Amino acid sequence: MTTSTKLNVPNGHSLHHVVCPHDCPDSCSMLVTRDDRSGRAVKVQGDPTHPLTRGYLCNKVNHYLDYVYNDSRVLYPHKRIGPKGPGAKFERISWGDALETITPNFKHIIKTYGSEAIQPFSYSGTMGMIGFFGMDNRFWNKMEAARLEQSICVHAAYWAHVHTYAMV
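Last residue of the sequence shown: number 785 in the numbering used here, and the count goes up by one each step with no gaps.
Spelled out as structure tokens, the structure:
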């Protein structure tokens with residue numbers, strides 16, 4: 618039993634060992650306290666037993682629950698109604714409507730300019746290397762979209778990973 622598993626949590630709560638979801642290569646160890654009744658995370662903290670981070674989490678992750686449970690967080694596709702620019706208005710649409718909107722645009726671009734005219738940008742800062750090399754790449758490869766760098770930091774993280782752990 619590690620020190621972190623001995624941490625006291627309130628009755629009706631459980632402690633979960635997780636890895637930070639952000640895209641830096643540190644893979645910080647986190648402890649998430651969950652309210653078992655609601656299923657919601659109620660506390661995020663660094664794992665004091667992690668040999669490198671020793672319980673430290675960056676400021677972005679210290680406030681992660683504010684992001685996850687923020688009332689303004691976008692959880693569904695939206696479509697702009699009216700003009701672009703300051704004060705633009707959006708309405709929620711279904712996933713089916715989103716695909717019906719995007720698909721003809723992709724098809725037009727591919728027919729008119731070629732598939733490499735579509736430049737994917739799929740990095741969100743919380744996907745990590747596993748998420749980055751996931752299904753979105755298969756989608757873009759199948760489309761034969763442009764394959765330029767999709768992020769400002771993954772290339773550095775990739776080479777750091779290769780030189781630390783070797784090529785797999």
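Where a beta carbon is used, it is the ideal one built from N, C-alpha and C, also for glycine.
The model shown is predicted, which means the values in this text are computed figures rather than measured ones.
Ala773 is classed as exposed because its beta carbon has fewer than 16 other beta carbons within 10 Å across all chains shown. Between the alpha carbons of Asn679 and His780 lies a distance of about 29 Å. For the set Asp643, Ala763, Val635, Lys660, the Cα lying nearest the Cα of Tyr782 is the one of Asp643.
If you draw a 10 Å sphere on the C-beta of Val635, you find fewer than 16 other C-beta atoms in it, and that means exposed. In the DSSP assignment, Gln662 forms a beta bridge with Leu648. Per DSSP, reduced to three states, the secondary structure at His725 is helical. In this structure, His630 lies near Val659, with their beta-carbon atoms less than 9 Å apart.
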